[in-house]
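Right, one structure below, let's go through it.
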DNA sequence: AATTGACAATCTGGGTCCATCTTGTCAAAT
DNA sequence: ATTTGACAAGATGGACCCAGATTGTCAATT
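Residue numbers (our numbering), protein chains in the order written: chain A, 39 to 240; chain B, 39 to 240.
Written as structure tokens, this is what we have:
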């Protein structure tokens with residue numbers, strides 16, 4: 039069964055690896071790639087530096103795995119939020135954007151400006167765009183299924199356009215908001231405005 | 039009549055000064071503050087360096103005047119667009135945001151990241167926020183007058199909240215869009231979605 | 001499996017020196 | 001008014017060196 043699952047690094051290691059990647063993500067987000075040392079990550083994860091090398095051969099491999107893990111993790115929880123049919127549409131959208139964007143608001147330090155640069159250097163730029171596209175498709179799918187797009191029919195706007203607009207709003211809020219709470223508040227307002235045509239009555 | 043118009047530097051010089059400031063803005067936007075020399079600005083404006091010093095005593099004074107002029111100019115044209123009653127609401131909003139934000143999309147170079155830093159260093163941060171607030175108030179005013187806020191009554195959203203949402207969208211589009219045209223397109227979609235409750239029928 | 005201690009090779013940041021660029025000012029010329 | 005030419009003081013950037021940090025690997029230990 040499925041010996042070539044297209045995932046290059048998917049031998050389901052342990053939960054330890056996942057924990058290391060979570061810790062590494064936080065450190066990388068605060069200090070960027072250059073100013074983060076393996077020792078720093080190891081200490082933050084309560085592991086020896088060599089223990090870290092036991093899982094990741096080089097710093098770049100750690101970084102790559104960290105980003106990959108973060109994107110998969112964010113997309114997974116975002117998708118879960120978006121597809122939670124037990125919640126009202128607005129709440130699902132807010133949770134989706136919070137998981138995809140809001141989760142990182144206020145976590146990036148001033149030294150972390152090299153992350154995107156290094157990211158594209160390592161060829162992760164395409165992967166990032168792929169995940170971004172997946173998230174956007176998930177949002178668009180929800181908008182279509184909810185009947186929102188139908189409600190906007192008179193405007194001629196597509197699900198994709200509504201998604202892009204909401205996505206741009208989230209990106210703007212990411213820069214404007216100082217805290218995750220402020221972001222959630224802002225995206226909540228945007229979502230409420232967008233969903234208004236479905237009938238905001240209680 | 040009004041001998042103290044609160045404007046600190048408003049002796050209505052000539053159009054020459056205004057032209058110099060427009061040129062200076064373009065250079066500053068491309069190369070930032072540090073990497074822009076007085077000679078560079080002078081040459082770009084087809085003036086001698088000393089001719090520039092004849093209008094602005096120091097580089098910092100030039101920078102300060104440039105930003106002040108840009109903010110005033112942007113706010114003026116944004117306000118004109120917003121209050122042009124000969125245009126439909128959507129077009130007015132698009133023109134307003136294009137004048138305030140879109141005008142600068144794609145113009146800022148990689149070396150220009152020190153602009154905001156220097157800006158706040160010189161105490162222009164407060165002034166910038168003041169202009170930002172004025173623009174937002176102008177937008178909110180238009181939204182209220184158009185009846186859009188009333189149309190959103192069932193959601194409980196205020197004019198301020200709708201304005202903030204649109205503003206966040208514009209900020210996001212500023213980072214996402216590579217060109218001014220793409221920005222206008224994006225903000226156009228956002229505005230259309232927002233104005234939908236007023237009846238998008240043709 | 002993970003840890004400690006240790007190691008050479010390499011990278012980084014600070015410091016100095018020095019040539020060049022830039023600023024701000026001046027006088028003379030148009 | 002604006003320009004050209006010139007100037008000293010100061011800022012900037014590149015070259016270079018060096019101490020210390022960091023990386024990646026090893027062996028011995030638990």
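Backbone N, C-alpha and C fix where the C-beta goes; we use that ideal spot for every residue, glycine too.
- If you look at residue 115 (chain A), you'll find it in the alpha helix (DSSP H) that goes 97-120.
- Taking each of B:217, B:64, B:223 in turn and checking the Cα distance to residue 144 (chain B), the smallest one comes out for B:217.
- Taking 4 residues as the shortest admissible run, the region 50-87 of chain A contains the following complete alpha helix (DSSP H) segments, listed from N- to C-terminal end: 53-69, 76-82.
- Under the Cβ criterion of 8 Å, residue 171 (chain B) is not counted among the residues facing chain A.
- Taking every protein chain shown into account, the CB of residue 109 (chain A) has 16 or more other CB atoms within 10 angstroms, so this residue is buried.
- Residue 201 (chain A) and residue 61 (chain B) have their C-alpha atoms spaced approximately 38 Å apart.
- The residue among A:135, A:188, A:82 with its C-alpha nearest the C-alpha of residue 222 (chain A) is A:135.
- In the three-state DSSP reduction, residue 217 (chain A) falls in the coil class, being neither helix nor strand.
- Here residue 133 (chain A) is buried: its Cβ has 16 or more other Cβ atoms, across all protein chains shown, within 10 Å.
- Judged by DSSP secondary structure, residue 133 (chain A) falls within the alpha helix (DSSP H) whose first and last residues are 127-138.
- The residues 178, in chain order, have a CB closer than 7 Å to that of residue 198 (chain B) in the same chain once the five nearest residues on each side in sequence are set aside.
- In the three-state scheme derived from DSSP, where H, G and I count as helix and E and B as strand, residue 124 (chain B) is classed as coil.
- Interface annotation, residue 182 (chain B): not in contact with chain A, CB-CB separation never under 8 Å.
- By the criterion of a C-beta distance shorter than 6 Å, residue 82 (chain A) is surrounded in its chain by 61, 65, once the five residues flanking it on both sides are discounted.
- Interface with chain B (8 Å Cβ-Cβ cutoff): residue 228 (chain A) is included.
- Contact annotation: in the region 210-228 of chain A, residues whose CB is within less than 9 Å of a CB in chain B are 210, 211, 212, 213, 214, 215, 224, 225, 227, 228.
- DSSP places residue 163 (chain A) in the uninterrupted alpha helix (DSSP H) bounded by 162-184.
- Annotation for residue 158 (chain B): the continuous alpha helix (DSSP H) segment containing it runs 152-159.
- Separation of residue 204 (chain B) and residue 105 (chain A) (C-alpha to C-alpha, rounded to the nearest whole angstrom) is 31 Å.
- Under the Cβ criterion of 8 Å, residue 136 (chain B) is not counted among the residues facing chain A.
- About 5 Å separates the beta carbons of residue 230 (chain A) and residue 193 (chain B), which is inside the 8 Å limit, making them a contact pair.
- Pairing residue 172 (chain B) with residue 120 (chain B) gives a Cβ-Cβ distance that is not under 8 Å.
- Contact note: residue 234 (chain A) reaches chain B through 189, 190, 192, 193, 195, 234, 235, using a C-beta cutoff of 9 Å and chain order.
- Separation of residue 237 (chain A) and residue 156 (chain B) (C-alpha to C-alpha, rounded to the nearest whole angstrom) is 47 Å.
- Restricting attention to B:92, B:76, B:188, B:101, the CA atom closest to the CA of residue 160 (chain B) is found in B:101.
- Taking the Cα of residue 186 (chain A) as reference, the smallest distance to any Cα among A:127, A:90, A:118, A:78 is reached at A:127.
- Interface with chain B (8 Å Cβ-Cβ cutoff): residue 199 (chain A) is included.
- Neighbours of residue 83 (chain A) across chain B, judged by C-beta separation under 9 Å, do not exist; the nearest C-beta is about 32 Å away.
- By the neighbour-count definition (other C-beta atoms within 10 Å, threshold 16), residue 59 (chain B) is a buried residue.
- Think of a sphere of 8 Å around the beta carbon of residue 74 (chain B): no beta carbon from chain A falls inside it, the nearest being about 21 Å out.
- When Cβ-Cβ separations below 8 Å define contact, residue 178 (chain B) makes no contact with chain A.
- Using a Cβ distance threshold of 8 Å, residue 213 (chain A) and residue 150 (chain A) do not count as a contacting pair.
- From the listed residues B:158, B:191, B:141, B:146, the smallest Cα separation to residue 208 (chain B) is found for B:141.
- With respect to the C-alpha of residue 232 (chain A), the residue from A:181, A:220, A:211, A:215 having the closest C-alpha is A:181.
- Taking CB atoms only, residue 208 (chain A) has a neighbour in chain B less than 8 Å away.
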